């Protein structure tokens, strides 16, 4: 095997492993931070963080045991699409507080797959609607948490 001056390309499998390890570290750090919450407030974020950590471990072990087809493909096949997706995430974060969760969430769920080349509009729109309905039901109806004001929500729901 010849040694060249070029670094080996980052593969999808390597990128997935790094991402899962970062998720595990992040969920661990946030769990530790959430231990400072009052006991009644800790249960939900604590459970979500434990679930995130557990799913990350399961995905990491599954990937090491049985690599997916194409796992050794180059991670950056489409660097321009990656840059667009990253730009969309930054924009989402920047306008989230001003515009509101439902509007920015809907825009993100619709725009991200379209920017990455997915064009099944029935699937995209139904996924966005079902996800946002689920979030609204869980937090507004089940947990009876007041949802943050949203820019377009009063016009849509009439409140």
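Residue numbers (this note's numbering): 1031 to 1189. The beta carbon of each residue, even a glycine, is placed where N, CA and C say it ideally should be. None of the values given here were measured: they were computed from a predicted structure.
- Per the DSSP secondary-structure output, residue 1134 pairs with nothing in a beta bridge.
- When the alpha-carbon of residue 1058 is set against those of 1046, 1082, 1072 and 1045, the nearest one is in 1082.
- By the Cβ-count criterion, residue 1130 is buried, with 16 or more other Cβ atoms from all chains shown falling within 10 Å of its own Cβ.
- For residue 1079, the number of other beta carbons within 10 angstroms of its own is at least 16, and it is reported as buried.
- Per DSSP, residue 1176 lies in no alpha helix (DSSP H) segment and is marked neither H nor E.
- Sequence-distant partners of residue 1087 (beyond 5 residues in either direction) whose C-beta falls short of 7 Å from its own C-beta, in its chain, are 1054.
- Taking every protein chain shown into account, the CB of residue 1128 has fewer than 16 other CB atoms within 10 angstroms, so this residue is exposed.
- Around the C-beta of residue 1049, fewer than 16 other C-beta atoms lie within 10 Å, and the residue is accordingly described as exposed.
- Boundaries of the alpha helix (DSSP H) around residue 1164: 1151-1166.
- The beta carbon of residue 1072 lies closer than 8 Å to those of 1064 and 1065 in the same chain, with the five residues before and after it left out.
- Scanning its chain for C-beta atoms nearer than 8 Å, with the 5 sequence neighbours on each side dropped, one finds around residue 1118 the residues 1138, 1141, 1142 and 1145, in chain order.
- Within the same chain, and ignoring the five residues on either side of residue 1089 in sequence, the residues whose Cβ sits closer than 6 Å to its Cβ are 1050.
- 1093 is the residue among 1074, 1067, 1093 and 1060 whose C-alpha sits nearest the C-alpha of residue 1046.
- Considering only 1173, 1180 and 1108, the residue with the shortest C-alpha distance to residue 1040 is 1108.
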